[in-house]
Amino acid sequence: MQPTEKPAEAVARLRATFRTGRTRTLSWRTEQLHGLRAMLTGHRQELAAALHADLGKSEREAFRTEIDFTVREIDHTLERLEGWLRPEPVDVPEHLGGASAWTVLDPLGVVLVIAPWNYPLQLLLAPVAGALAAGNCVVAKPSEVAPATSRAIAGLLPRYLDRDAVTVIEGAVPETTALLEEHFDHIFYTGNSTVGRIVMRAAAEHLTPVSLELGGKSPAFVDRGTDLAAVAARLVSTKFLNAGQTCVAPDYVLTDPATARELEGALASAVRELFGADPATSGDYGRIINERHFDRLTGLLGSGRVVVGGDSDRAQRYLAPTVLAEVAPGSPVMAEEIFGPILPVVEVDGLDEAIAFINDRDKPLALYAFTESVLTRDRLTTETSSGGLGFGLPVAHLTVPDLPFGGVGESGMGRYHGRYSLETFSHRKAVLDKPLG
Ligand code: NAD
Numbered sequence: 004m005q006p007t008e009k010p011a012e013a014v015a016r017l018r019a020t021f022r023t024g025r026t027r028t029l030s031w032r033t034e035q036l037h038g039l040r041a042m043l044t045g046h047r048q049e050l051a052a053a054l055h056a057d058l059g060k061s062e063r064e065a066f067r068t069e070i071d072f073t074v075r076e077i078d079h080t081l082e083r084l085e086g087w088l089r090p091e092p093v094d095v096p097e098h099l100g101g102a103s104a105w106t107v108l109d110p111l112g113v114v115l116v117i118a119p120w121n122y123p124l125q126l127l128l129a130p131v132a133g134a135l136a137a138g139n140c141v142v143a144k145p146s147e148v149a150p151a152t153s154r155a156i157a158g159l160l161p162r163y164l165d166r167d168a169v170t171v172i173e174g175a176v177p178e179t180t181a182l183l184e185e186h187f188d189h190i191f192y193t194g195n196s197t198v199g200r201i202v203m204r205a206a207a208e209h210l211t212p213v214s215l216e217l218g219g220k221s222p223a224f225v226d227r228g229t230d231l232a233a234v235a236a237r238l239v240s241t242k243f244l245n246a247g248q249t250c251v252a253p254d255y256v257l258t259d260p261a262t263a264r265e266l267e268g269a270l271a272s273a274v275r276e277l278f279g280a281d282p283a284t285s286g287d288y289g290r291i292i293n294e295r296h297f298d299r300l301t302g303l304l305g306s307g308r309v310v311v312g313g314d315s316d317r318a319q320r321y322l323a324p325t326v327l328a329e330v331a332p333g334s335p336v337m338a339e340e341i342f343g344p345i346l347p348v349v350e351v352d353g354l355d356e357a358i359a360f361i362n363d364r365d366k367p368l369a370l371y372a373f374t375e376s377v378l379t380r381d382r383l384t385t386e387t388s389s390g391g392l393g394f395g396l397p398v399a400h401l402t403v404p405d406l407p408f409g410g411v412g413e414s415g416m417g418r419y420h421g422r423y424s425l426e427t428f429s430h431r432k433a434v435l436d437k438p439l440g
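Counting the sequence shown from 1 gives a position; our numbering is that position plus 3.
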């Protein structure tokens, strides 16, 4: 945003740009994507430093899960955009003989992207890339909870993108509340479901469609008879990524009592293997975003028997990768999304009880399962509902650009990544042409 500009003025300026029609052209869209790419690749170190300041993310993790992730998303789109934008013909029924019909993707106008703090770069700029690819003007609102990343993006973005079409508005609740009073053509929000409801209410005033990318407790079912060392390695590397502050992290493990006993040991070994005997000294292990979340998380440690971890240092916002065993379904750690480095193991009697357990709760953003059984896979696919479903490897489905990423029910609505971003930020317009002759 320009220094003295109010949200209403910024939106009006962007809308005037949209009206010129220049954002509709393929050349404008690709220029913006190349600009965003140049910003990310040209300032890799600076952006990684900001992510380190906010979340203690290692450079490697910052590159892999934020900067390079977004670059790959942009490249995937750049390679295919022209094809995706081609009109798609459809069959015409007999009574309209001689007519032809097709659909075209129409940009929506001015869209608002609101991002959270946990992947503060990726979760702002991947949707922004989709909105630009679709030919829109964009107001980008980074999270104030990750202030270094917010400042870095606000400083860099205007140097690389069309300033009259893309603007960054930094701020917290008052600034976002003021923004939400404006009329947007789409609002793309990532964050918690309480604020998701606020966003949706505000959007309803203008009949603005929303995408809500929310969270929830994503279960990981471990079947008996699977290779538990391999399961533990994959659970640990995905759960404790970004110190557990990942929307699609496995929130808790569901397994039978005998498997639980064996898995505990395997999880403890996998934690030591990945982060060493003292994870506080590991360069690969992140920190909790702030004291409020640190206090919330340490308050959950009493919910089960500590198998590994449990130690913490408030001054460093350090909480060790922790596994809790014998966790009761009604315990505090099972009440809400953990969003931190605590992995509870909850015991169920087998697949039937696991499915009932999942279906008794809100629909999660992801469901994971480790099983060799085709029947178990089929049953989990057809008898449960979740945003995504991962067999054998948590989190990774969101790195496949041709897979839609999004939630269902309490974990959100709408989807994006790759072609799905283009669909989200466009209107698929129906066209019919029947010659007069
Ligand atoms: P956050 O506190 O950064 O809030 C998200 C955004 O909402 C911020 O930009 C913030 O400024 C804005 N906001 C906060 N309060 C507001 C209000 N009262 N009115 C208007 N705007 C407001 O992030 P968070 O909500 O703590 O993020 C964590 C949650 O997000 C978790 O539940 C997590 O699972 C979810 N999440 C989901 C995804 C996904 O892709 N589905 C990704 C990451 C995080």
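Every residue gets a Cβ at the ideal spot worked out from N, C-alpha and C, and that includes glycine.
The structure displayed is predicted, hence computed values, not measured ones.
Between the CA atoms of residue j and residue i - distance to the nearest angstrom
i           : j           : result
residue 213 : residue 203 : 7 Å
residue 169 : residue 12  : 13 Å
residue 192 : residue 226 : 35 Å
residue 74  : residue 321 : 30 Å
residue 371 : residue 396 : 7 Å
residue 221 : residue 352 : 19 Å
residue 374 : residue 228 : 8 Å
residue 152 : residue 314 : 28 Å
residue 329 : residue 216 : 31 Å
residue 80  : residue 421 : 6 Å
residue 407 : residue 427 : 11 Å
residue 102 : residue 91  : 15 Å
residue 256 : residue 113 : 42 Å
residue 410 : residue 439 : 46 Å
residue 392 : residue 437 : 44 Å
residue 350 : residue 263 : 7 Å
residue 400 : residue 126 : 16 Å
residue 337 : residue 128 : 32 Å
residue 376 : residue 394 : 11 Å
residue 340 : residue 419 : 22 Å
residue 294 : residue 108 : 45 Å
residue 57  : residue 154 : 11 Å
residue 234 : residue 254 : 15 Å
residue 106 : residue 429 : 12 Å
Reference residue i, options the options, closest by Cα
i           : options               : result
residue 292 : 319, 233 and 116      : 319
residue 297 : 132, 304 and 317      : 317
residue 359 : 82, 438 and 258       : 258
residue 244 : 267, 19 and 67        : 67
residue 49  : 166, 124, 29 and 36   : 124
residue 178 : 142, 22, 165 and 196  : 142
residue 424 : 405, 434 and 437      : 405
residue 310 : 327, 434, 30 and 10   : 327
residue 207 : 157, 434, 189 and 181 : 189
residue 44  : 187, 205, 72 and 195  : 72
residue 95  : 21, 89, 104 and 87    : 104
residue 25  : 70, 165, 107 and 86   : 165
residue 194 : 219, 331 and 39       : 219
residue 269 : 302, 237 and 253      : 237
residue 223 : 52, 361, 8 and 378    : 361
residue 31  : 14, 85 and 51         : 85
residue 288 : 276, 299 and 294      : 276
residue 261 : 418, 272, 274 and 231 : 231
residue 247 : 10, 398 and 18        : 398
Residue i burial status per 10 Å Cβ neighbour count (16 or more: buried)
i           : result
residue 176 : exposed
residue 347 : buried
residue 97  : exposed
residue 343 : buried
residue 381 : exposed
residue 211 : buried
residue 46  : buried
residue 378 : exposed
residue 242 : buried
residue 435 : exposed
residue 305 : exposed
Bridge-paired residues (DSSP) for residue i
i           : result
residue 105 : 92 and 434
residue 347 : 327
residue 316 : 321
residue 393 : 371
residue 140 : 113
residue 341 : Note: residue 341 sits in no beta bridge, so no partner.
residue 191 : 116 and 214
residue 255 : 222
Taking 8 Å as the cut-off, does the region 352-367 touch the region 408-415 (at least 3 CB pairs, one atom from each stretch)?
Taking a cut-off of 8 Å for Cβ pairs, the region 408-415 and the region 352-367 touch, as three or more such pairs fall below it.
Check whether the region 123-138 and the region 276-285 are in contact - that is, three or more C-beta pairs closer than 8 Å.
Not touching, per the Cβ criterion.
Contact between the region 59-67 and the region 382-391 is defined here as three or more beta-carbon pairs at a separation below 8 Å; is this criterion met?
No, because fewer than three Cβ pairs between the region 59-67 and the region 382-391 fall closer than 8 Å, the two stretches do not touch.
Determine, using beta-carbon pairs with one atom in the region 110-121 and one in the region 145-162, whether at least three such pairs fall under 8 Å.
Output reads yes: the region 145-162 touches the region 110-121.
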